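Step one of this worksheet: look at the structure below.
In my numbering, the protein residues as written are 762 to 835.
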């Protein structure tokens with residue numbers, strides 16, 4: 762029995778990537794920037810005179826992250 766294989770024909774398809782406009786990225790960048798600032802506040806400064814939440818709950822939840830990022834807490 763004879764077997765024949767067909768060689769694939771090369772096709773040149775070029776895709777051009779269109780850049781995202783700044784108006785589409787800006788709201789997401791602002792949202793994630795504010796989210797990161799809130800996270801940084803809770804990890805780094807949520808204890809003491811500027812505490813938003815009373816008690817030790819937030820401190821205990823972010824205790825290890827505080828030490829990992831180099832914030833003193835003791």
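Even for Gly, the Cβ is constructed at its ideal location relative to N, Cα and C.
Because the structure is a prediction, the values reported are computed rather than measured.
Supposed contact pair residue j and residue i - C-beta distance, whole angstroms, cut 8 Å
{"i": "residue 827", "j": "residue 805", "result": "7 Å"}
{"i": "residue 803", "j": "residue 819", "result": "6 Å"}
Residue i to residue j span [Cα, whole Å]
{"i": "residue 780", "j": "residue 794", "result": "21 Å"}
{"i": "residue 787", "j": "residue 777", "result": "23 Å"}
{"i": "residue 823", "j": "residue 782", "result": "37 Å"}
What runs of the alpha helix (DSSP H), each 4 residues or longer, lie entirely inside the stretch 788 to 835?
818 to 822, 824 to 829
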